[in-house]
Amino acid sequence: MEYPFEKIEKKWQKIWNKKKIFNASNQSDKKKYYVLSMFPYPSGALHMGHVSNYSIADTISRYKMMQGFNVMQPMGYDSFGLPAENFAIQHNSHPRITTDDNIGIMRKQFDMIGFGLDWQREVSTCHPEYYKWGQWFFKKMYERGLAYKKSSYQNWCDECQTVLANEQVEDGKCWRCDSKVKQKELEQWFFKITEYAEELLDFSKVDWPEKVKTMQTNWIGKSLGTEIFFKVEDSNEIIEVFTTRPDTIFGCTFMAIPPEHPLVSKWLRNEPENSEIHQFCDKVMNEDPITRTAEDTTKEGIFTKKFAINPVNGEKVQIWITNYVLMDYGTGAVMAVPTHDQRDFEFAKKYDIPLKIVIQDPEEELRLEEMEEAYIEPGILVNSGNFDGMESEKSMKKISKWMEENNMGKQTVTYRLRDWGISRQRYWGNPIPVIYCEDCGTVLVPDEDLPVKLPENVELGKTRQNPLLSIDDWVYVKCPNCGKQAKRETDTMDTFVDSSWYFARYTDSKNKKLPFSKDNANYWLPVDQYIGGIEHAVMHLMYARFFHKFMRDLEMLDSDEPFARLLTQGMVTKDGAKMSKSKGNVVDPQYIVDRYGADTVRVFMLFASPPEKDVEWSDEGVKGAFRFLNRVWRLIEDNFELIKEFSDHLGSKSGSNNNSGTDHKDISSEIKDLRFSTHHMIKKVLEDIEDRMQFNTAIAAIMEHLNNIYAIANVNKLNSVEKAIYAESCLVIPKLLYPFAPHISEEIWQKFGNDKLLHEIGIPKFKAEYLVKDEITYVVQIMGKVRGKMKVSTDASQEDIKKMALEIDNVQKHLAGKDIKKMIVVPKKLVSIVAK
RNA sequence: GCGAAAGUGGUGGAAUUGGUAGACGCGCUGGACUUAGAAUCCAGUGGGAGCAAUCCUGUAGGGGUUCGAAUCCCCUCUUUCGCACCA
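Position one of the first sequence corresponds to residue 258 (our numbering), numbered consecutively onward.
Right, here's the structure in full:
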């Protein structure tokens, strides 16, 4: 007989709902605990990845509730974005409608799995009440000089007809549709995330996986160096270069700039359209960025016939346009030192540019004519004016300082991180609240006109262009300043803007005057435990940190970081691959819940592997989880009378478990072991959840304890003290199972007349005195090999233990003819004998 | 190429501080119950030898430190992830 999971789960979901136990209050005497899962994009139905993510979060949440925290676990929908727009086009509908439909479906499924979510706080980023504040934040950014518009080469996805941020390009492909990304020159809006680069490198206030911290650190890519100013010969133009090797400045023999460099377009104006130099620039700029920036791409260039003057020695150096220098790193120009940089070396060899050694190898003297590759190691400076003879590493600071003093350059810090391009040329996103007026220029939409609502009357999918462009009565508006006919910005914001502050909106989601009140934000933030996929390590998690610090600087909240603790959960895989429709290896949570119940799915997910690792789906494994819950159920059913009889004595109503058998002499060792098992399990489960976040071993501990109970053969023959211990060993199960399988646990708990819900009764505590055993099993090793085992009473002395070990038959056998050199006793563990 | 993490039975995974390797689950084998199946229960299950006691062997491979190594150190291989002409 299967336990009636369907009835039980429906029943408890109703009760929790009715009692509103998951509605967190913004004021409480209890300590707060904010658990957050990354909110989903409403794709239509929950998939196993969601179930895994939210099962982890719900386990932590319910555990913290039992511990007496004021827990908030909110949920919402990341509902703007291209997929929603495309989905609507496919279904010949409007994203507003399809999105809300999908949210309806997901909402039902959230309830069906019994996640303890605070629905009062629900947000959906595509609702005007939410996106109004995104626009408000945009204005704040603009007012503080953190939002600006510029024209530049951008990652362009033809398929999605929109620009992508650097973070959204993976292997040269669009992170969404996988098609090749091109470069296109466009005007678009940026958020100055680089302003916060330094602070974003500081992870001292968060407890995050090393991996994520490293990924962000690498992404930001800080490097210390020097900017050096080169004059262009016979002109007042100046080219700034950035270098991390100022010690090689005297060896600079040419300068390398990319075709995108502003001086290039200026110079090209005087060149005929079909000139060689024009052709070269066009060719390089049209190359796709991946091949162009690949390390093995052949270095190419063209001489501009212009020269720059090296400020340190007045030498003339050729200026080359090349394909290997990037416009958007550093200053977009490089001083090339072929002898001490491999790339410059290759380039100089190819085009016969002069070489000059300025750092000598102290081991073996370098000769120009023999060099086959650049010498990039430290060495002794030569041909470097006053710096000759200095060690190259030590000279760097001195040279920079000297250049700074003589206005030849300055020390700088450069980051790989670029400003965040947030314009998207698509309909289904948050409109950028800007109006362009011929007279007044860029004008922000006044606060009282926020939100700029997305027009509803759009025809999607007719053209590949942004449909907003063709809605005249939306685009043409009066300038808020002068009243003259003006035009709206038709780009919408990247959806990562919406998800960069939603965690703060949850603290006060109904606020009509502000994104959230400072009091609420300061009460709840930072999020105590954030849970989501590793794929957001750089994008979302970095943007959210940036926004949080920005909100702090607006004095909207006081904390420095949004997420104090982060858990990156693994994927759900089947047959070794991520579940996906295209691979046809998807398992529908609905089907599993219908067949085995929500508790089973949750237990399986949590038991299959530790949370940060991938979970390999296994139909048999699910059955195993189901079998386990059935075994729990049967244990309680079969022993109902016995447990019931003793449950009142045990004070289970109050949830305390301190009567583990008033200590009596006549307790069999079997029952003492059972009592040990009970307390051992409590200790293990608490440690695994609290300290290690390792739910698989916590569940294993409960299973082990269940096996120990089943091992007690003749329950009816137990005396009354023993029966009480037995009853307690059973009753502790629902309490510890609750965070993982809440429905069945509540049902069992209630069976014994307990009117309190499990989260109200407090987490059980183990008693150390029951974890002390009278006897401990010692292992006896000879030369590291186990040769015997013995039970030793806890009060035995080291000498006793040694003596006992030597008495074991098998030990004597192995010691025959050998001298004992040494005996090591490891308390409570083993005896190791060294003999030869 | 650089950097990081990992590699344990047939399988998912345990082993928290250097101390009995393989907890727990799945699968498999045998048995009980059953007309039969499903379900359940009991026993066994890293490999090899043995009736058994017990012994040998075993944590990607090779070396080392130690009374003792999955765990620490060195080398090699493999996998995954991140970065990748960043001046």
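Heads up, the beta-carbon is just placed ideally off N, CA and C, and yes, glycines get one too.
Since the model is a prediction, treat every value here as computed from it, not as a measurement.
In the structure shown, the three-state DSSP call for Glu490 is coil. Residue burial is scored here from C-beta neighbours: Pro261 has fewer than 16 other C-beta atoms within 10 angstroms and is therefore classed as exposed.
If you draw a straight line from the Cα of Ile969 to the Cα of Glu927, it comes to about 8 angstroms. Between Tyr995 and Arg319, the gap from beta carbon to beta carbon is short of 8 angstroms. Take the alpha-carbon of Asn953 and the one of Thr316: they are about 12 angstroms apart.
Between Leu726 and Glu629, the alpha-carbon positions lie close to 57 angstroms from each other. Contact holds between the region 776-790 and the region 804-816, because three or more Cβ pairs, one in each stretch, are under 8 angstroms apart.
Arg1044 is positioned such that its CB atom lies no closer than 8 angstroms to that of Leu963. For Arg364, the enclosing alpha helix (DSSP H) starts and ends at Pro352 to Ile370. By the Cβ-count criterion, Gln1069 is exposed, with fewer than 16 other Cβ atoms from all chains shown falling within 10 Å of its own Cβ. Asp948 counts as exposed, since fewer than 16 other C-beta atoms from the protein chains shown sit within 10 angstroms of its C-beta. Val989 and Thr935 do touch by the CB rule: their CB atoms are close to 6 angstroms apart, below 8 angstroms. Rounded to whole angstroms, Gln347 and Ser522 show a C-alpha spacing of 43 angstroms.
In its chain, beyond the 5 residues on either side, no residue has a beta carbon closer than 6 angstroms to the beta carbon of Asp435. Sequence-distant partners of Lys268 (beyond 5 residues in either direction) whose C-beta falls short of 7 angstroms from its own C-beta are missing from its chain. Note on Gln270: 16 or more other CB atoms within 10 angstroms of its CB, so buried under the neighbour-count rule.
Its Cα nearest to that of Lys289, the residue Met329 stands out among Ala551, Met329 and Ala593. Val795 and Pro299 have their C-alpha atoms spaced approximately 22 angstroms apart. Excluding residues up to 5 positions away in sequence, Thr474, Ile477 and Lys479 lie with their Cβ nearer than 7 angstroms to the Cβ of Leu458 in the same chain. If you compare the alpha carbons of Lys769, Ala958, Arg624 and Ala801 with that of Pro783, the shortest gap goes to Ala801. Here the region 565-573 lies against the region 501-517, with 3 or more beta-carbon pairs under 8 angstroms apart.
Within the same chain, and ignoring the five residues on either side of Met1061 in sequence, the residues whose Cβ sits closer than 6 angstroms to its Cβ are Met1047. Around the C-beta of Cys417, 16 or more other C-beta atoms lie within 10 Å, and the residue is accordingly described as buried. Between the region 378-391 and the region 752-771, the count of C-beta pairs closer than 8 angstroms reaches three or more; the two stretches touch. In the DSSP assignment, the residues bridged to Gly678 are Phe447. Note on Arg932: 16 or more other CB atoms within 10 angstroms of its CB, so buried under the neighbour-count rule. Taking the Cα positions, Leu674 is about 14 angstroms away from Val426. Gln722 counts as exposed, since fewer than 16 other beta carbons sit within 10 angstroms of its beta carbon. Straight through space, the alpha carbons of Phe604 and Gly587 are spaced by roughly 20 angstroms. Cβ-Cβ separation between Leu717 and Pro688: approximately 16 angstroms, too far for a contact (criterion under 8 angstroms). In this structure, DSSP gives Glu1017 a helical state, which the three-state scheme calls helix. Inter-segment contact for the region 745-760 and the region 681-701 is present: three or more beta-carbon pairs are separated by less than 8 angstroms. Taking the Cα positions, Phe1023 is about 15 angstroms away from Lys1030. Lys1070: member of the alpha helix (DSSP H) spanning Asp1066 to Leu1072, first to last residue. A residue is called buried once 16 or more other Cβ atoms fall within 10 Å of its Cβ, and Cys538 is buried on that count.
Between the beta-carbon of Ala984 and that of Phe903 there is about 4 angstroms, and that keeps the pair under the 8 angstroms contact cut.
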